[in-house]
Each structure stands twice: as C-alpha cells, then as structure tokens.
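Participant: Take a look at this one; I'll ask things after.
In my numbering, the protein residues as written are 24 to 498.
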C-alpha cells in the first residue's frame, strides 16, 4: 500500500520535454526546403538563399547544427513537417487559409504577390479569362491550385496542368522559351528569376499580398514557434532581416544594361548601341585607375589582362566599392570564403581584389582536365568562377550523357541551364544551380573582352593563351 500511495501521490511522472528542448538536446535543427534562388541553392562555393540564411541563423541562435535538406518534390514538404521528419518547412511557403487548418506557421518574414507569367512578344493576358485555350502549367502542391479551383467556379472552361516533375524555375524558363503559354509564380521568386529569363514577363497579379513563413506541425506544444518568433523579432529589431533580404533582392551594382537585359531577338548592333556608351565612358574614366593592377596580375598569373578587366567589368563595372545582391564585394566580387583562401584581407582594395580574382580564375582553371584546349578551357574556367567548378563539372557530365562533347564550351553552355531542372540536378553531385546565369555571365564577358581587344592598340599583358594554368603563390 505504501508503494501504491507513493505512486499516486508523491511519485509523479516527470513531464515530457518540449519540442524545443528535444531539438536542443539532440543538437540538430532539421529544416526541409526546396531549390530556388529565393530559398536554398549552392553558389560558387557555399550554400545561399533567404531560407538557408534564416535557418542557419536560427540554428546558431539555439547553439545546434543545421541539417537542411531538399524535398524530392515541392508537395512533399508539408508531409515531412507533419510526420516530424523536419522540424520546419523553410521553403518560401505562403500562408493560406487551407494550410492554416493543417499546420502552424512562424511569424512571416516576407510577403509576396501571385503573378501570372507570359512570354514577351505574345499577347498579354489581363485576367484568367484571357488565358482560356492557352497552356497553363503550375507547380504541383502549390497554393496556385486552390486559387485556380476557386476561379473555375466562375470560369468552368479554365484548365491547367499541375507539374510534379519540375520546379518553378523550369516553368518560368519554358514560358520564356515559348514551350508553354503561362505559369504562376510568387513575386519574390520571379524578381530573382527575371534577370536570367528576361523574355518571361508579368501579365497580371492574382489576389492580395500574402505572408511567407515557415511551416510547423500543428500542436499544443508551442515552444518551437515561440522560440522562432523571438529569433525573428530579434532579426527585425537589429535590421538583420532586411539585410538578408537586401542581399538577394536589391542589387547595388550600378544598373547598366548587359546581354541578359536585351531581347533575344536583338542583334549585335543592338548590343553595341545600348551598352557601348556606358562601357566606353567607364573605359575612359575608371579603367585607367586600375590598369596597372590588371597588368601586374596578368604577369603574375599568365592571364590576358583584358580578360581580367572584362571579368571585372561584368562583376562590378570597375567599381572597387561595389557590393553584389548576395553580399560579395569588390571589383572582382570575391566571397568571404574565397578571399580568405587567397589571402585577400580587404576585398574592397582594388589591387588585392584584382590579384585575388586572377588567382581564383587560375585555381578553378587548374581543376579542368588538362586535355581541354583553348578557348574552351578559358570559358569553362570563367563559368566556374561564376557558378563554381562543381556545377560546371555537372554540366559536362550531362553533356556527355546526352552524347555531346564535354570538352566543348559551346556544348556545355547548352546544358548548364539544365542544372535548374530537378530531372537533372537531383542526379548531380553539386545539385541545383541557376544554370542560366553562368551562360549569360560568359556571354557578356566575351563581348567585353572582344571590345577591349579592339579598343587597345597594343598587346601589353596579353599571352598566347587566354588562361595558362600555372600554380601561383597567394598574396
């Protein structure tokens, strides 16, 4: 009787640890995401994306490790959260009434509008009624499904395809290429994708501004949500949240037209007429201040100084104080990690940046198989400077799988955009990449390089190959 009395009265069972306590005890915060330029992707040398930065910041806030993984398909994010495989869905998720019935959400960290996208040059629709008979393709499992189902009550003829096999970037690419007529995308993602797909244009907006937040399992245990809310409140108060968003959405490099902002129907004369005046003006006013540094870097690394200058113009328009949307800095736009590897102490110091950029070009060039000749070797190296060697190698693998020549820049160039398609990037070691960007990057640099060669009346600093991959000594 004494033992039973103790069990009933004084020997109460200790309460189960809260979800937050379990995360801290395990030392791991798990977040499921999706590949997109606004959420998570691998840049040239490190993970990037708004949701990645927030999730990494929150894990550091708790003092635990972040395990962020990409769902096989977008629609799988919510089941993973519901089943506890992930603690949160950190994937640029819009908060809808239907989702609120099933899931809890963190405080919003951003808002977005739903945009209908069409191809420039085709008839612009001004409402769903104008799209009847056209091919509308949307992301399966997205909030757009509910929007269209509601609209079909008034427009019974409205039809669409829910695609489970590709991501939103591939849908935007298909619209830009004229392969489908329309798609739908959140404004925050489209703001980033439009730079890579200028022929994709906004037709109209559907519905009000919608909050974006992390999805959590619906539970009486609110410990995790309250902790995330406190973390987001701190980011708001310190201005760090705005700083993170600004890194991705507000370009601070001067807005000068490049190939990527000119219609695909434009000619070389169009390029010359649009770009040449700004380029020549900077050639005369800015380049002379840095030419000695380019020449010195060329002598040190055996890279044509005009190629380095062309890269610097593409990166910063020869502005040593420039900052990119993702926070890389200086005339050659070195990341913190790359600068540290190269011994560059001040990325905004033009001499250090130019020497560092030249050495990094040689560094990635040394990874390219020695059998590859010029000029393919150079352009593969320039692409790797932008997107990372791993992604270029993945594109070479895809080229070989498709029966192309993986040693040809022209053929690899055609496959780089496939790195944004799940059908391909899910099979590649380096995963998702904004593959259209290195294509545009190299295209622009080739134009600037040709211009510099025609504008310089001597070969001072030029070498027999564009890139001769020699080992160099760090600064």
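Ideal Cβ positions, reconstructed from N, Cα and C, are used throughout, including at glycine.
Note that the coordinates shown come from a computational prediction; the quantities given were computed from them, not determined experimentally.
With a 10 Å radius around its C-beta and 16 neighbouring C-beta atoms as the bar for buried, classify residue 217 as buried or exposed.
Facilitator: Mapped onto the chain shown, residue 217 falls at position 194. Per the 10 Å Cβ criterion, buried.
Participant: Curious, which full-length alpha helix (DSSP H) runs of at least 4 residues does the stretch 382-422 contain?
Facilitator: The stretch 382-422 contains these whole alpha helix (DSSP H) runs: 399-410.
Participant: Does residue 337 come out as helix, strand or coil in the three-state DSSP assignment?
Facilitator: One-based indexing of the chain shown puts residue 337 at position 314. Three-state DSSP puts residue 337 in a helix.
Participant: I'd like the list of long-range same chain contacts for residue 246, defined as Cβ closer than 8 angstroms, with 5 residues on each side in sequence excluded.
Facilitator: Locating residue 246 in the chain shown gives position 223, where the first residue counts as 1. Contacts found: 41, 42, 43 and 44.
Participant: Report the three-state DSSP secondary structure of residue 220 (helix, strand or coil).
Facilitator: Stepping through the chain shown from its first residue, residue 220 is reached at position 197. Here residue 220 sits in coil by DSSP.
Participant: Taking the alpha-carbon of residue 158 as reference, which of 166, 148, 165 and 164 has the nearest alpha-carbon?
Facilitator: Sequence index remark: in the chain shown, residue 158 carries index 135 (1-based). In terms of Cα proximity to residue 158, the closest of 166, 148, 165 and 164 is 148.
Participant: Let me know if residue 330 comes out buried or exposed under the rule of 16 or more other beta-carbons within 10 Å of its beta-carbon.
Facilitator: Mapped onto the chain shown, residue 330 falls at position 307. By the neighbour-count rule (16 or more Cβ atoms within 10 Å), residue 330 is buried.
Participant: Could you check what DSSP says for residue 240 in three-state terms: helix, strand or coil?
Facilitator: Along the chain shown, read from residue 1 onward, the residue named residue 240 stands at position 217. Looking at residue 240 - three-state DSSP - the assignment turns out to be strand.
Participant: Express the C-alpha separation of residue 47 and residue 164 in angstroms, rounding to a whole number.
Facilitator: Mapped onto the chain shown, residue 164 falls at position 141. Mapped onto the chain shown, residue 47 falls at position 24. Whole-angstrom Cα-Cα distance: 32 angstroms.
Participant: For residue 215, which residues from the same chain have a beta carbon less than 7 angstroms from its beta carbon, with the 5 sequence-adjacent residues on both sides left out?
Facilitator: Within the chain shown, numbered from 1, the residue matching residue 215 stands at position 192. Once the five neighbours on either side are set aside, the close Cβ partners of residue 215 are 60, 61 and 271.
Participant: Using the Cα positions of residue 122 and residue 193, report the straight-line distance between them to the nearest angstrom.
Facilitator: Here residue 122 corresponds to residue number 99 of the chain shown, with the count starting at 1. Here residue 193 corresponds to residue number 170 of the chain shown, with the count starting at 1. Rounded to whole angstroms, residue 122 to residue 193 spans 25 angstroms at the Cα level.
Participant: Can you tell which of 269, 90 and 448 has the C-alpha that lies nearest to the C-alpha of residue 189?
Facilitator: Position 166 of the chain shown holds residue 189. It is 448.
Participant: Along the chain, where does the alpha helix (DSSP H) containing residue 312 start, and where does it finish?
Facilitator: On the chain shown, residue 312 is found 289 positions in, with the first residue counted as 1. Residue 312 -> alpha helix (DSSP H) spans 310-324.
Participant: Does the Cβ of residue 82 have 16 or more other Cβ atoms within 10 Å, making it buried, or fewer, making it exposed?
Facilitator: Against the chain shown, residue 82 aligns to sequence position 59. Under this definition residue 82 is a buried residue.
Participant: On the three-state DSSP scale, how would you describe residue 466?
Facilitator: Start at 1 with the first residue of the chain shown, and residue 466 comes out as number 443. When DSSP states are grouped into helix, strand and coil, residue 466 belongs to the helix group.
Participant: Using a Cβ-Cβ cut-off of 6 angstroms (strictly less than) and excluding sequence neighbours within five positions of residue 53, which residues of its own chain qualify?
Facilitator: By one-based count along the chain shown, residue 53 stands at place 30. Excluding residues within five positions, the ones whose Cβ falls inside 6 angstroms are 90, 109 and 110.
Participant: Distance, Cα to Cα, residue 403 vs residue 345?
Facilitator: Here residue 403 refers to the residue found at position 380 of the chain shown. Here residue 345 refers to the residue found at position 322 of the chain shown. So the two alpha carbons sit approximately 25 angstroms from each other.
Participant: Measuring straight from C-alpha to C-alpha, what distance separates residue 343 and residue 389?
Facilitator: Taking the first residue of the chain shown as position 1, residue 343 is located at position 320. Taking the first residue of the chain shown as position 1, residue 389 is located at position 366. Residue 343 and residue 389 have their alpha carbons spaced roughly 27 angstroms apart.
Participant: In terms of residue numbering, what span does the beta strand (DSSP E) encompassing residue 207 cover?
Facilitator: On the chain shown, residue 207 is found 184 positions in, with the first residue counted as 1. For residue 207, the uninterrupted beta strand (DSSP E) run begins and ends at 206-209, by DSSP.
Participant: Rounded to a whole number of angstroms, what is the C-alpha to C-alpha distance between residue 66 and residue 431?
Facilitator: Taking the first residue of the chain shown as position 1, residue 66 is located at position 43. Taking the first residue of the chain shown as position 1, residue 431 is located at position 408. For residue 66 and residue 431, the distance between alpha carbons rounds to 23 angstroms.
Participant: Mind reading off the beta-carbon distance from residue 318 to residue 133? Whole number of angstroms is fine, and I expect it under 8 angstroms.
Facilitator: Working through the chain shown from its first residue, we reach residue 318 at position 295. Working through the chain shown from its first residue, we reach residue 133 at position 110. Going by Cβ atoms, the distance from residue 318 to residue 133 rounds to 45 angstroms, so no, they are not a contact pair.
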